[in-house]
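Protein sequences, first through last, are from chains U and Z.
Residues in the first sequence are numbered from 437 upward in steps of one, following this note's numbering.
Residues in the second sequence are numbered from -1 upward in steps of one, following this note's numbering.
Notes for the one structure printed next.
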Amino acid sequence: MSYQISDLCVSCHACMDVCPTKAIAQGESRFVIDSRACSHCDGDYAVSQCASICPVEGAILDQFGEVVNPPGSLTGIPPERIAALVAEGIL
Amino acid sequence: MDVFGPDQQNDAAGCTQVSCGSSKDHVDALPDSIRDRIKDHPCYSEEAHHHYARMHVAVAPACNIQCNYCNRKYDCANESRPGVVSEVLTPEQAVRKTLAVAASIPQMTVLGVAGPGDPLANPARTFETFRQLSEKAPDIKLCVSTNGLALPDCVEELAQYNVDHVTITINAVDPEIGAQIYPWIFWKNRRMRGVKAAKILLERQLRGLEMLIEKGILVKVNSVMIPGVNDAHLEEVSKVIRAKGAFLHNVMPLIAEAEHGTYYGVMGQRGPTQAELTTLQDACGDMNMMRHCRQCRADAVGLLGEDRGEDFTLAKIDGLEIDYQAAMKERAEVHAQIEADRTRKKERAADLKAQLQLQSGAGSARTLFTYNGLSVGQTSKDLSGLPADLRPVQMAVASQGQGLINQHFGHAKEFMIYEATPTGARLVGHRKTEQYCSGDTSCGDGETTLQKTIRMLSDCEAVLCSKIGFEPWDQLEAAGIAPNGEHAMEPIADAVMAVYRELYEGGALDAAATTRPISA
């Protein structure tokens, strides 16, 4: 399996610009990774580039289908705080 | 516009002129060489923004750092704040849009790339846009704003195009403070965090600043004022950037609401009050401070405060045939006309200033005169009798320009915020009324625009406008803000001082009242 982009993607282009194998392209509503071209950055970088620059938690999934940047990992906002604001209808 | 009396110009407390924050923040304080370069730049010169228009194109969506006041997810049609944009363009689309706007709005002088990401984290798209525009529209100045991380690598290329102004956002020069503002950066192909990451970012910002100055490129620095985080530190930032050659410092208030989903919004970090912002701007007095920034959207179009972005969507410009050579000729003529008008006004102002000095020397009680629809009050004589230690009062003013109170409360899209003290009235900022979502159901927010406006003006004690309806009147009064329509069509500075005097005579400025809570 290759890396994948979930529907949380905000189409900011950042991953496309840093992908060493040019596996990422703009899709209809979000960016998409060509699974044949994705190498998980093996041989190019120690860490996968798309996951290392993506600003949206949960938008990048690794080759095992796991979220690389889980809730709270990029913004520092506790996930329960987000959940509370969603419950109040604020977010 | 140089129409101050000699007292006001030298007065550390500021001046009474209608469109100026203080003697130090006015572009008149800049050296001639810089003034000449920014005289037709609407964002840098409070005066130029009445004459010239600018636009931003959103070609740079990617970013290489995260700021705690930014949320990359947010994009709402009603939203209007920096870093937010509805339509990201390819360089080709951006060039087409710029040419269309420049042909339709001949006052346009400046094209900026300001995000929604970092323009220099998108070098291919940003520079392709600049390359095409410097070819097709050589008369348009190009502008770029950056967080500075990639800046040192881009200075050489920036200097190749018509870019002679760059804005760098520098919120700290101390990495410990920087680490509280930037949770991560993307550097040398990996995500870095903490003080180490902030140190790299801050060093790159300052190095980029030095390199730009060496190239003769003008640099403005933006700083976001975050109470409890960098507010006490920004004076130091101002000193450092001044020493390194930046010509203007724009300290902006943090915008943070829970519904924006930013770290600061969600965690309840408050923005500064106008009083805190003004105090800080005054404290940075050695530097030229910018006080008229409207914190525009990253895709704003037109004159400041009058966004025409919706007139120039891709769908609308698609069918347009543009003869840019003809448009450029027209633009040159319009600009020459604007400059001729400005020169004429300046000469008359200088003449009036001389008259004013003569008259005040002769001891006249009060001088009030009008030229080109702009009334100028020399109020210093009128202030005698006000105790020097009277507390300052903030007032909001609805105005469509010309230095007059000439707008209905309900029509105002922005308010000018004035501070009245015993030494005079001065402009300390602007606030937009519909800065955020207008409160309809689509955003899940029941608060009306009126309520939001009142909340936004809660640190003002009066609102001066030409007219006001019953409902807002009642609600403003209930919120402790005195509505005032008695000074319609009067010069702002005079009216503000007249209301200040009324407050004083009515006992509202007594010692007991100084504890009036100032809320954000």
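Ideal Cβ positions, reconstructed from N, Cα and C, are used throughout, including at glycine.
Within 10 Å of its beta-carbon, does residue i have 16 or more other beta-carbons around it, so buried, or fewer, so exposed?
i	result
residue 327 (chain Z)	exposed
residue 458 (chain Z)	buried
residue 154 (chain Z)	exposed
residue 364 (chain Z)	Any reading at residue 364 (chain Z) needs caution, since the residue's pLDDT is 35, under 50, leaving its predicted position unreliable; the model's value is listed next. Residue 364 (chain Z) is exposed by the Cβ-count criterion.
residue 270 (chain Z)	buried
residue 523 (chain U)	exposed
residue 488 (chain U)	buried
residue 362 (chain Z)	Any reading at residue 362 (chain Z) must be qualified, since the residue scores a pLDDT of 36, below 50, and its modelled position is unreliable; the value itself is stated next. That one is exposed.
residue 100 (chain Z)	buried
residue 470 (chain U)	exposed
residue 23 (chain Z)	Residue placement at residue 23 (chain Z) is poorly supported in this model, since its pLDDT is 41, which falls under 50; the coordinates are not used for a value here.
residue 341 (chain Z)	exposed
residue 31 (chain Z)	exposed
residue 39 (chain Z)	buried
residue 429 (chain Z)	buried
residue 177 (chain Z)	buried
residue 409 (chain Z)	exposed
Which residues of chain U have a Cβ atom closer than 8 Å to the Cβ of residue i, listed in chain order?
i	result
residue 29 (chain Z)	Neighbours of residue 29 (chain Z) on chain U: none; closest Cβ ~39 Å, over 8 Å.
residue 62 (chain Z)	450, 489
residue 256 (chain Z)	521, 526, 527
residue 89 (chain Z)	Chain U residues near residue 89 (chain Z): none, gap ~12 Å exceeds 8 Å.
Name, in chain order, the residues that DSSP records as bridge partners for residue i.
i	result
residue 182 (chain Z)	Z:64, Z:191
residue 429 (chain Z)	Z:413
residue 461 (chain U)	U:468
residue 418 (chain Z)	Z:391, Z:423
residue 114 (chain Z)	Z:58
residue 141 (chain Z)	Z:110, Z:163
residue 460 (chain Z)	Z:393, Z:480
residue 209 (chain Z)	DSSP output for residue 209 (chain Z) lists no bridge partner at all.
residue 218 (chain Z)	Z:165, Z:246
residue 503 (chain U)	U:497
Give the residues of chain U in contact with residue i, contact being defined as C-beta atoms less than 7 Å apart.
i	result
residue 184 (chain Z)	488, 489
residue 71 (chain Z)	446, 492
residue 145 (chain Z)	Within 7 Å Cβ-Cβ: nothing; residue 145 (chain Z) doesn't reach chain U, min ~13 Å.
Do you know offhand how far residue i's Cα is from residue j's?
i	j	result
residue 198 (chain Z)	residue 167 (chain Z)	15 Å
residue 396 (chain Z)	residue 462 (chain U)	45 Å
residue 383 (chain Z)	residue 403 (chain Z)	25 Å
residue 53 (chain Z)	residue 418 (chain Z)	34 Å
residue 456 (chain Z)	residue 250 (chain Z)	19 Å
residue 416 (chain Z)	residue 492 (chain Z)	11 Å
residue 496 (chain Z)	residue 447 (chain Z)	29 Å
residue 94 (chain Z)	residue 311 (chain Z)	11 Å
residue 473 (chain U)	residue 144 (chain Z)	32 Å
residue 520 (chain U)	residue 206 (chain Z)	42 Å
residue 375 (chain Z)	residue 400 (chain Z)	Note that residue 375 (chain Z) scores 42 on pLDDT, short of 50, meaning its location in the model is unreliable and no value can be drawn from it.
residue 106 (chain Z)	residue 172 (chain Z)	38 Å
residue 442 (chain U)	residue 498 (chain U)	11 Å
residue 447 (chain U)	residue 466 (chain U)	5 Å
residue 35 (chain Z)	residue 214 (chain Z)	11 Å
residue 61 (chain Z)	residue 482 (chain U)	21 Å
residue 191 (chain Z)	residue 344 (chain Z)	52 Å
residue 331 (chain Z)	residue 525 (chain U)	53 Å
residue 502 (chain U)	residue 149 (chain Z)	35 Å
residue 74 (chain Z)	residue 262 (chain Z)	Only weak support exists for where residue 74 (chain Z) lies, its pLDDT of 43 falling under 50; the value from the coordinates is given anyway. Roughly 19 Å separates the two Cα atoms.
residue 454 (chain Z)	residue 240 (chain Z)	32 Å
residue 506 (chain U)	residue 283 (chain Z)	45 Å
residue 137 (chain Z)	residue 152 (chain Z)	22 Å
residue 424 (chain Z)	residue 449 (chain U)	44 Å
residue 189 (chain Z)	residue 55 (chain Z)	28 Å
residue 471 (chain Z)	residue 306 (chain Z)	30 Å
residue 386 (chain Z)	residue 505 (chain Z)	16 Å
residue 484 (chain U)	residue 258 (chain Z)	29 Å
residue 181 (chain Z)	residue 174 (chain Z)	12 Å
Could you tell me which chain A residues have their CB closer than 8 Å to the CB of residue i, listed as they occur along the chain?
i	result
residue 120 (chain Z)	Included in the structure are the protein chains U and Z, with no chain A among them.
Could you list which residues in chain Z have their beta carbon closer than 7 Å to that of residue i, in chain order?
i	result
residue 483 (chain U)	188
Give the residues of chain Z in contact with residue i, contact being defined as C-beta atoms less than 9 Å apart.
i	result
residue 517 (chain U)	264, 265
Applying a beta-carbon distance threshold of less than 8 Å, which residues of chain Z neighbour residue i?
i	result
residue 497 (chain U)	Ordered by position in chain Z, no residue passes the 8 Å Cβ test against residue 497 (chain U), which lies about 17 Å from the chain.
Which chain U residues sit within Cβ distance under 9 Å of residue i?
i	result
residue 538 (chain Z)	There is simply no residue 538 (chain Z) to check, as chain Z begins at -1 and stops at 518 in what is shown.
- Query: According to a CB-to-CB cut-off of less than 9 Å, which residues of the stretch 161 to 182 of chain Z neighbour chain U?
  - Reply: The stretch 161 to 182 of chain Z vs chain U, Cβ under 9 Å: 181, 182.
- Task: Scan the stretch 260 to 271 of chain Z for residues whose Cβ lies nearer than 9 Å to a Cβ of chain U and list them as they occur along the chain.
- Result: 260, 261, 264, 265
- Selection of the stretch 98 to 116 of chain Z by Cβ proximity to chain U, strictly under 9 Å: 114, 115
- Task: Mind checking the stretch 183 to 208 of chain Z against chain U and listing, in chain order, the residues whose C-beta falls within less than 9 Å of any C-beta there?
- Result: Across the stretch 183 to 208 of chain Z, CB contacts with chain U closer than 9 Å involve 184, 187, 188, 189, in sequence order along the chain.
- Message: Short of 8 Å Cβ to Cβ, which residues in the stretch 503 to 516 of chain U face chain Z?
- Response: Contact annotation: in the stretch 503 to 516 of chain U, residues whose CB is within less than 8 Å of a CB in chain Z are 510, 511, 512, 513.
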